[in-house]
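First comes the structure, then the notes that go with it.
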Amino acid sequence: MSARTGRLRLYVIQALVFSLFATLFVRLYYLQVVGGEEYHAQATSQSVREVVVQPQRGLIVDDMGRPLVANRTSWVVSIDRSVLAKLSEHQQGVLLERVGKVVDVPAPRIRKLLVTCGEDGSESGVCWNGSPYQPVPVAEDVKKAVALRILEQPEDFPGVIADQQSVRAYPAPYGINLAHVLGYLSPITEEELDQSEEDGDTSVNGASSVGRAGIEKEYDRWLRGMPGYKSVAVDSMGRVLGDDGEVAGEPGDTLVTSIDAKVQGAVERQLAQTIATARQTYDPVTHKNYVADSGAAVVMEAKTGRIVAMASQPTYDPETWVGGITKKQLAQLYSTAADNPLLSRATQGQFAPGSTWKPIMTVGALNNGFTPQTRLDCSSGLQVGNRWFKNYESASYGSIGFDQALQLSCDTFFYRVGLSYWQRYGSDPTNVDAKDPLVDEAKDFGFGSETGVDLPGEASGRIADRHWKLDYWKSMKSYYCKIDEDGSAKSDFLRLFAHEFCLEGSYYRAGDAVNYSIGQGDTIVTPLQLARAYAALSNGGTLYEPRVAKAVVSPDGKTIRKIKPKVQGRVDASAASLRYVDQALLGTPKVGTLAWKFGGFPLDKVQIRGKTGSAEVQGKQSTSWVATYDENYVVVMMLTQAGTGSGTTGPAVRAVWESLYGIKGMDIDPGKAAIAGTTPPAGLPTFMRDGTILPPSAAKED
């Protein structure tokens, strides 16, 4: 009985153990097989993600602390592609349609925005150029209500992020544009990011925007700041559950410029108004209104090379680049039909200088055999070889000196100067090494070379001397010789030109020399180069590298770096020759070609020197120039296809001088700049002309 009972108990225990193991096995099977996916999802439903927090980019301010470029807050909607990838194709389509509807961006465009540039299906200008680990912005400047809807309904918008980000803003004091000086931003490229990683540069990341033009590009490393990093806990749908720590970023530094917003505003208005007026003015030569398709103006401090104002037309709205640019907008900016708005005519445009070239030629002549007592015939024309070179409008003034020749802008006087050097040193047209004092002088004034301005993409201009002509002939010989041989020229002029060029296009003839002496022919300059040369006439021969930036200031107001004027060289000319030209140009606004536009101007107090120019261009209307200066400033303005210098541009240049010194109905103080009478905005430091940073409470005009 007891043995049987013992075996029964053993069976019961075995059955209990077996049932327990069976239950455990079933439970394990359920957990790992039946409910495995669900429990795996729960286990991985919470993770920590590191998010880059972009720093606030530094301000750009003018000489008195007025903000030229600032920042504003924008609601940005982004999509986390790692979360999107977890959804089925159908779910992705539904989500993108839903997002597109609320942010007013078509779903197909959102799909293109999410493709990494360089991958199959990527489209230039639309694809994502940043880090593959960063959420991709698909809409910027969305309404707050839209952003809040996305934030409040995360179940409807998995992986969609709405947050506030800092973007560029343009306060435009005095209504200024200044686009070509300021520049713009665009997303960093993969190549740039790789290079920054190689260089150990941690100030940029896959979502960074970097300077692409202007001082935004030139001083990008100061302005960009240092990004921060935030660790956030997110669920499997990308929803933020909480913060898990943060490393604060550092805002960018403030860039203080030498730009005076008040003068800049006056320059831009005058340039735009002059172009508009020229387009309504009849050209007696072409029997049409002037085209006036572009223009530029530069105001520079004569003793430092600092840029006070710089304008170019046509221009563009820098806001166009904020939040990304469309293909249509980009095409417009590069459009030849729109006259290439991205091209800065002040630093990148290259034009024949016309008679504004003559002061430089005078310095060269006075240092190479001619004297202030020299008298030459200002005849109505001059025969050179088989061509008659006429004086402008066939005016004739008899025997005059260099002073009158400058004031009256006598072409034939300078023809004779250029011809005399050609006959003396270079009558052999094949001698590319022949001496030419006028060419040497132009190079000494910095023409034909970059000025070194702190703006990217500067053009170097060109001095069309014997070496240039030989090089050009070699590069174009086959083209013109082919036209000459097959008779494919579309006009008699081109047929004759091709024939002569093919045979003797490298020859530097007397006609080249006389054209060069008055700033015609193939010599071209930028308005900035001309302004810098006239500053050298004003300051006694010093060539400065033009500067827009004055200082870099930290966010707490400390000066990190002062950007001082930099001397590039000195003009190799006698002080007497520079003084002579300086005194001669005093007569231009009084009795010369500018006199009819400066009537009533207080020239006894603001002693402006000046020179006008009307450069002829084959197949186009003439280019209008006025270059002026006093002991403090240089003002240069140029308009293409706009007529004579004084007639078209003279009134605008006068108005700029009135703005510089506050002349309208006021007493004149030549020691006072135009910025008097304005105050910087509250809360910004003021960088005075002596280099001192003043707090807002102590800021004043200088």
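Per our numbering, the very first residue in the sequence shown carries number 3; after that it's consecutive. Backbone N, C-alpha and C define an ideal beta-carbon position, used for all residues, glycine too.
Between the stretch 537-553 and the stretch 477-489 there are fewer than three inter-stretch CB-CB distances shorter than 8 Å, so the stretches are not counted as touching.
Going by DSSP, Gly489 is part of no beta strand (DSSP E) at all; its letter is neither H nor E. Within the stretch 364-418, the complete beta strand (DSSP E) runs of at least 3 residues fall at 378-380, 383-386, 389-392, 400-402.
DSSP places Leu641 in the uninterrupted beta strand (DSSP E) bounded by 635-642.
Annotated three-state conformation of Val138 is strand, per DSSP. Here the alpha carbon of Leu605 sits roughly 20 Å from the alpha carbon of Val265. Look at the beta carbons and you see the stretch 429-448 touching the stretch 508-520: at least three pairs across the two are nearer than 8 Å. Rounded to the nearest angstrom, the Cβ distance from Thr642 to Glu460 is 19 Å, too far for a contact under 8 Å. In this model, Val310 and Val638 are separated by some 12 Å (Cα to Cα). For Gln522, the three-state secondary structure derived from DSSP is coil. Under the DSSP assignment, Arg572 falls in the beta strand (DSSP E) whose first and last residues are 568-572. Under DSSP, Trp77 shares a beta bridge with Gln166. If you draw a straight line from the Cα of His469 to the Cα of Leu410, it comes to about 32 Å. Ranking Cys129, Gly400, Arg170, Leu61 by CA distance to the CA of Val258 puts Leu61 first. Burial state of Val249 is exposed, judged by a 10 Å Cβ sphere holding fewer than 16 other Cβ atoms. Excluding residues up to 5 positions away in sequence, Leu98 lie with their Cβ nearer than 8 Å to the Cβ of Arg113 in the same chain. The beta carbon of Gly387 lies closer than 8 Å to those of Arg511, Ala512, Gly513 in the same chain, with the five residues before and after it left out. Cβ contact annotation for Gly177 (same chain, cutoff 6 Å, sequence separation greater than five): Gly267, in chain order. A distance below 8 Å separates the beta carbons of Gly351 and Ser296.
In the structure shown, the three-state DSSP call for Met312 is strand.
By the neighbour-count criterion, in which 16 or more other beta carbons inside 10 Å mark a residue as buried, Phe404 falls on the buried side.
For a cut-off of 8 Å, the C-beta gap from Ser211 to Leu187 is around 4 Å, short enough to register as a contact.
Less than 8 Å separates the beta-carbon of Ile261 from that of Val183. Straight-line measurement puts the Cα of Thr453 at about 35 Å from the Cα of Gln282. Of the other Cβ atoms in all chains shown, fewer than 16 fall within 10 Å of the Cβ of Glu121; this residue is therefore exposed. Cβ contact annotation for Lys592 (same chain, cutoff 8 Å, sequence separation greater than five): Phe600, Leu605, in chain order. A straight-line Cα-Cα distance of about 47 Å links Leu345 and Gln155. In the displayed model, Phe603 falls within coil according to three-state DSSP, outside both helix and strand.
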